[in-house]
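Asks: Pasting a structure below so you can have a look.
Residue numbers (full-length UniProt numbering): 1 to 223.
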């Protein structure tokens, strides 16, 4: 089953988060809250899903674009924005598309967001996507990438389908297609063009602290 079909099924049958993470809010606040006219700040989200982060960007007055392979997710995001922000199309767009072939000019965006989207792809494709994201990022623009980390619950379970990539049978990724788990050693080759400003680990536990879900929060700049 293709990733698109898997995620169409997930978004059709599962209630998804409606609000952004504190980490993403902090990233946007630190970089862009002081800008006098937020409409002049243009932000792209790769794999925007049903639009939790896009909703936040719209609410805060930024310009935005969201791209996702799932038409179901894009329709859900559009419906939510239509309900809450009647003028959102004046500064935003949502499209069904390929994040490895973005329909945007070089140096279009002040920031690119990847919230556990690129980790669905194999290593070679992921590197290509990060390169494509770099292409459309303005100089001095920012990257926010949150990705599942090696050793997280589910890593090594199920069927291996590439480098550090598994169709998991355990953990939060079970039933959601293939996921690539990122190690610290991977990052230099995975994201070759952005300057890496910081890497932090995000950890939560589930099942009464029996299982750990580990993520890497990678922040970068185009310099």
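Built from N, CA and C at the ideal position, the CB exists for glycine as well.
1. Can you check which of these residues, 102, 116 and 163, is closest to residue 137 by C-alpha distance?
2. Given residue 87, which residues of its chain have a CB within under 8 Å of its CB, disregarding the five upstream and five downstream residues?
3. For residue 107, which of 218, 173, 42 and 202 has the nearest alpha-carbon?
4. Since residue 115 is in the beta strand (DSSP E), which residue starts that stretch and which ends it?
5. Locate the beta strand (DSSP E) running through residue 44, then write down its first and last residues.
6. Buried or exposed: which applies to residue 226, given that a residue is buried once 16 or more other Cβ atoms fall within 10 Å of its Cβ?
7. Using the Cβ count rule (16 or more neighbours within 10 Å means buried), how would you classify residue 119?
8. Can you tell me where the beta strand (DSSP E) holding residue 64 begins and where it ends?
9. Using three-state DSSP, classify residue 1 as helix, strand or coil.
10. Could you pull out every residue in the same chain whose Cβ sits closer than 6 Å to the Cβ of residue 1, ignoring the five residues on either side in sequence?
11. Return the CA-CA distance between residue 20 and residue 203, expressed in angstroms with no decimal places.
12. Among 98, 200, 207 and 208, whose alpha-carbon lies nearest the alpha-carbon of residue 220?
13. Looking at the strands, I want to know which residues DSSP matches up with residue 221.
14. Let me know if residue 171 comes out buried or exposed under the rule of 16 or more other beta-carbons within 10 Å of its beta-carbon.
15. Can you list, in chain order, the residues of its chain whose CB lies under 6 Å from that of residue 94, leaving out five sequence neighbours each side?
16. Over the uninterrupted beta strand (DSSP E) stretch that includes residue 94, give me the two end residues.
17. Could you give the DSSP three-state label for residue 31: helix, strand or coil?
18. How long is the line joining the alpha carbons of residue 210 and residue 157, rounded to whole angstroms?
19. Quick one: give me the first and last residue of the alpha helix (DSSP H) that residue 166 is part of.
20. Alpha carbon to alpha carbon, what distance is there between residue 189 and residue 127?
21. What residues are listed by DSSP as bridge partners for residue 211?
Replies: According to the data block:
1. 102
2. Cβ within range, chain order: n/a, list empty.
3. 42
4. 109-115
5. Annotation: the continuous beta strand (DSSP E) that includes residue 44 extends over 42-46.
6. Nothing about residue 226 can be read from this structure; the chain reaches only from 1 to 223.
7. Burial call: buried.
8. 63-68
9. A caution first: residue 1 carries a pLDDT of 44, below 50, which makes its placement in the model unreliable, though a value can still be read off. Coil, per DSSP.
10. Here residue 1 scores only 44 on pLDDT, less than 50, and its place in the model is too uncertain to base an answer on.
11. As the crow flies, the alpha-carbon of residue 20 is around 17 Å from that of residue 203.
12. 200
13. 142 and 195
14. buried
15. 66, 74, 77 and 78
16. 92-96
17. helix
18. 16 Å
19. Per DSSP, residue 166 belongs to no alpha helix (DSSP H); it is in the beta strand (DSSP E), 165-167.
20. In a straight line, the C-alpha of residue 127 is about 8 Å away from that of residue 189.
21. Partner(s): 206.
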